[in-house]
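2 protein chains.
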Amino acid sequence: MKLSTRAEYGIRVLVALAHADGDRPTSLAGIAKADKLPHAYIEQLVGALRRAGLVTATRGHSGGYRLARPAEQISLVDAVRALDGPILEMPCAGPDDLESCDRPQDCSVHEVFERLHDSLSGMLGGTTLAEVAAGTGGPPYPPAVRRRVVAAHAKSQAASSAAPPN
Amino acid sequence: MKLSTRAEYGIRVLVALAHADGDRPTSLAGIAKADKLPHAYIEQLVGALRRAGLVTATRGHSGGYRLARPAEQISLVDAVRALDGPILEMPCAGPDDLESCDRPQDCSVHEVFERLHDSLSGMLGGTTLAEVAAGTGGPPYPPAVRRRVVAAHAKSQAASSAAPPN
DNA sequence: CTAACACCGACTGTCTGAGTCGGGATTCAG
DNA sequence: CTGAATCCCGACTCAGACAGTCGGTGTTAG
Numbered sequence: 007m008k009l010s011t012r013a014e015y016g017i018r019v020l021v022a023l024a025h026a027d028g029d030r031p032t033s034l035a036g037i038a039k040a041d042k043l044p045h046a047y048i049e050q051l052v053g054a055l056r057r058a059g060l061v062t063a064t065r066g067h068s069g070g071y072r073l074a075r076p077a078e079q080i081s082l083v084d085a086v087r088a089l090d091g092p093i094l095e096m097p098c099a100g101p102d103d104l105e106s107c108d109r110p111q112d113c114s115v116h117e118v119f120e121r122l123h124d125s126l127s128g129m130l131g132g133t134t135l136a137e138v139a140a141g142t143g144g145p146p147y148p149p150a151v152r153r154r155v156v157a158a159h160a161k162s163q164a165a166s167s168a169a170p171p172n
Numbered sequence: 007m008k009l010s011t012r013a014e015y016g017i018r019v020l021v022a023l024a025h026a027d028g029d030r031p032t033s034l035a036g037i038a039k040a041d042k043l044p045h046a047y048i049e050q051l052v053g054a055l056r057r058a059g060l061v062t063a064t065r066g067h068s069g070g071y072r073l074a075r076p077a078e079q080i081s082l083v084d085a086v087r088a089l090d091g092p093i094l095e096m097p098c099a100g101p102d103d104l105e106s107c108d109r110p111q112d113c114s115v116h117e118v119f120e121r122l123h124d125s126l127s128g129m130l131g132g133t134t135l136a137e138v139a140a141g142t143g144g145p146p147y148p149p150a151v152r153r154r155v156v157a158a159h160a161k162s163q164a165a166s167s168a169a170p171p172n
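Protein sequences, first through last, are from chains A and B. Using the working numbering, you'd call the opening residue of the first sequence number 7 and step up by one each time. Using the working numbering, you'd call the opening residue of the second sequence number 7 and step up by one each time.
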């Protein structure tokens, strides 16, 4: 399980744009240098972001990119989808394509994938660029959830004999 | 973002074992045929599961595999870790390796990855084989969470101009 | 002794992710 | 009007991982 560098870099760029959100566009070259990202590469990423309507570009001298909407209205799920496509790519995840699962009748795993998908897109969809840029890495996610998550984590750690971290 | 087939098949095998949880071991050949999985392949997967202490094997004629612990005590996160390694593989996710992030100071994205990781391992760690096998795809996850997740999903769908499903 | 099973290392093919390259189109400054 | 700074785009490369396969060995029950 991993997020592609496309998504990662893309988000970094968006965050940079959210930060520099003056009225003048920001050049990719600047972001690339500041964040140590390969310029030619993020160029193509940001193309996807533009086509998805998340950023707007102004060309020519002293041109650059701007967020297309205020950072509070751009969620990470938008970014990831624009860059990586489906959030969870599986033969039979996703809330819609329940039928594409070719396993005979009782595909019990199916529901797990769905929940996984929901979990992911819920978390990503619930986080806006503004929050990330502000450093408050996320929305007011009730601490109870966090606690439960951590507890489950710890429990399963204990259960497994010698589970490696991560 | 995707789960490897290793993890998927591995979970399927585990579920099969949980189902057939009599006292006699179950042969891989049977599972492979019943579930239409490549025999030679899951053989190596199940090796990993054994080495991780999730299943035990008995060799020889009419041998096979058994769950090493009751299905209620095996969570999906155990399985995925045994099969795929780290739950979320990133330069700078994971609750522990915060330092491996080489970005200068303000790696704001960092926290996002951590939350993503928590979200994933929380969901996986909170689901046991028994629940999956029983078809109740998960623990008594409070419906409130599910609702919030779906709402966020819908919201972000609406926000993006024409976001594709999944 | 043989068939059914687990076990193992090595091997292969395909695909995708991560980036590069070279050029074109646009705009602004001097 | 020339040149520099941008965005824009398609084509290309290259390495590594993933998904399997293969051939053979060890072990046990009937």
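For each residue, glycine too, the CB sits at the ideal point set by N, CA and C.
Item, Value
"Closest to arginine 57/A by C-alpha separation, out of Ala74/A, Glu120/A and Gly70/A, would be which residue?", "Ala74/A"
"Less than 7 Å between C-beta atoms, sequence neighbours within five positions excluded: which residues of the same chain meet that for isoleucine 17/B?", "Leu82 and Ala85"
"Report the option in His123/A, Glu137/A and Thr133/A whose CA atom is closest to the CA atom of leucine 8/B.", "Sequence inspection shows lysine at residue 8/B; the leucine mentioned does not correspond to that position. Taking only the C-alpha atoms, the option nearest lysine 8/B is His123/A."
"Give the DSSP-derived three-state secondary structure of alanine 35/A in the structure shown.", "helix"
"Measuring straight from C-alpha to C-alpha, what distance separates alanine 142/B and serine 125/B?", "Looking at the sequence shown, residue 142/B is not alanine but threonine. Taking the straight line from one Cα to the other gives about 20 Å."
"Between which residues of its own chain and serine 127/B is the CB-CB distance below 7 Å, once the five residues before and five after are set aside?", "Val83 and Ile93"
"Determine which residues share a DSSP beta bridge with leucine 73/A and list them.", "Val61/A"
"Closer than 8 Å is the cut-off here; do at least three beta carbon pairs connect the segment 39-57 of chain A with the segment 13-30 of chain A?", "yes"
"Hey, does alanine 139/A have any beta-carbon neighbour from chain B nearer than 8 Å?", "yes"
"Excluding five sequence neighbours on each side, which residues of the same chain lie with their C-beta closer than 6 Å to the C-beta of histidine 25/A?", "Ala139"
"Checking the sheet assignment: what are the DSSP bridge partners for threonine 134/A?", "Ser81/A"
"Mind checking which residues open and close the alpha helix (DSSP H) that includes alanine 26/B?", "Element bounds for alanine 26/B: n/a, residue is neither H nor E."
"Nearest by alpha-carbon distance to glutamate 246/A: which of Phe119/A, Glu78/A, Ala22/A and Leu23/A is it?", "Not covered by the structure: residue 246/A. The range shown for chain A is 7 to 172."
"Leaving out the 5 sequence neighbours to the left and right, which residues in its chain are closer than 8 Å to arginine 30/A when beta-carbon positions are compared?", "Ser68 and Gly70"
"Excluding the 5 residues flanking arginine 12/B on each side, which residues of the same chain have their C-beta closer than 7 Å to its C-beta?", "Leu51, Leu89 and Asp90"
"To which residues of the same chain is threonine 32/A closer than 8 Å at the C-beta, ignoring the five residues directly before and after it?", "Ala22, Leu23, Ala26, Gly70, Tyr71 and Arg72"
"Return yes when the Cβ of alanine 35/A is within less than 8 Å of the Cβ of proline 44/A, no when it is not.", "no"
"Measure the CB-CB distance between leucine 130/A and alanine 77/A and report whether it falls below 8 Å.", "no"
"Residues in the same chain with beta-carbon distance under 7 Å from valine 61/B, minus the five sequence neighbours each way, listed in chain order, please.", "Leu23, Val52, Leu55, Tyr71, Arg72, Leu73 and Ala74"
"By the criterion of Cβ-Cβ separation under 8 Å, what are the contact partners of leucine 122/B in chain A?", "Leu9, Leu126, Met129 and Leu130"
"Shorter than 8 Å from the beta carbon of aspartate 90/A to some beta carbon of chain B?", "yes"
"From the DSSP output, in three-state form, read off methionine 129/A for me.", "helix"
"Let's test the definition: count the other Cβ atoms within 10 Å of the Cβ of arginine 65/A and tell me whether it reaches 16, buried, or not, exposed.", "exposed"
"So with Cβ pairs under 8 Å, would you call serine 68/A a contact of chain B?", "no"
"Which residues in the same chain as glycine 59/B place their Cβ atom closer than 7 Å to its Cβ, once the five residues preceding and following it in sequence are excluded?", "Ala74"
"Within 8 Å of any Cβ in chain B, is that where the Cβ of leucine 82/A sits?", "yes"
"Would you identify the three-state DSSP class for serine 114/B, choosing helix, strand or coil?", "helix"
"I'd like to know if serine 114/A contacts chain B, where contact means its C-beta is closer than 8 Å to some C-beta of that chain.", "yes"
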